[in-house]
Amino acid sequence: LFDRKAARIKGFDLRELDTISEYSIIASGTSTRHAVALSEIIIENVKEEFGVYPYAVEGQSEGRWIVLDYGSLMIHLFYDHAREAYNLEDLWKKSLELELVDKNLKTNE
79 LFDRKAARIK GFDLRELDTI SEYSIIASGT STRHAVALSE IIIENVKEEF GVYPYAVEGQ
139 SEGRWIVLDY GSLMIHLFYD HAREAYNLED LWKKSLELEL VDKNLKTNE
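Here the working numbering runs 78 ahead of the position in the sequence shown, where the first position is 1.
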């Protein structure tokens with residue numbers, strides 16, 4: 079997601095909440111086409127690296143809110159304006175927010 083210029087990437091550990099998955103990632107695209115492209119690259123990369131496809135994919139035809147269901151991991155990709163309307167982060171404010179780091183950023187170490 080970092081490589082493909084997704085915006086506001088957040089991860090959540092939901093194991094302490096009553097949810098259908100254990101982890102969730104949320105990210106935004108700058109357009110519906112960008113959100114669809116993000117979903118396609120995730121599916122391709124996860125298949126290549128781990129040999130699995132999502133159980134279900136919803137929303138790719140519109141690109142406003144795309145959900146990739148990997149069982150214990152749900153990935154939500156939004157067109158940024160739609161993300162504001164649904165505000166999933168507010169549902170999970172009592173969960174642990176994961177620190178996701180862009181491995182390509184240079185540090186001063």
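Glycine residues also receive a C-beta, built at the ideal position from the N, C-alpha and C atoms. These figures come from a predicted structure and were not determined experimentally.
Three-state secondary structure assigned by DSSP to residue i
i      : result
Ala84  : coil
Glu136 : strand
Ile153 : strand
Ile103 : strand
Tyr148 : coil
Same chain only: Cβ atoms within 8 angstroms of residue i, ignoring 5 sequence neighbours per side
i      : result
Leu79  : Ile87, Ile103, Ala105, Leu116, Ile120
Asp158 : Ala85, Arg86, Ser106, Gly107, Thr108
Thr110 : Glu140, Gly141, Arg142, Tyr157
Per DSSP, the bridge partner or partners of residue i
i      : result
Leu174 : Asp91
Beta-carbon proximity list for residue i, same chain, < 6 angstroms, skipping 5 on both sides
i      : result
Leu178 : Ile87, Gly89
Terminal residues of the alpha helix (DSSP H) in which residue i lies
i      : result
Thr110 : 110-128
Sequence-distant residues of the same chain with beta carbon closer than 7 angstroms to residue i, five excluded per side
i     : result
Ala84 : Ala105, Ser106, Gly107, Leu116
Inspect the CB distances between the segment 126-140 and the segment 162-177 and report whether three or more fall short of 8 angstroms.
Output reads no: the segment 162-177 does not touch the segment 126-140.
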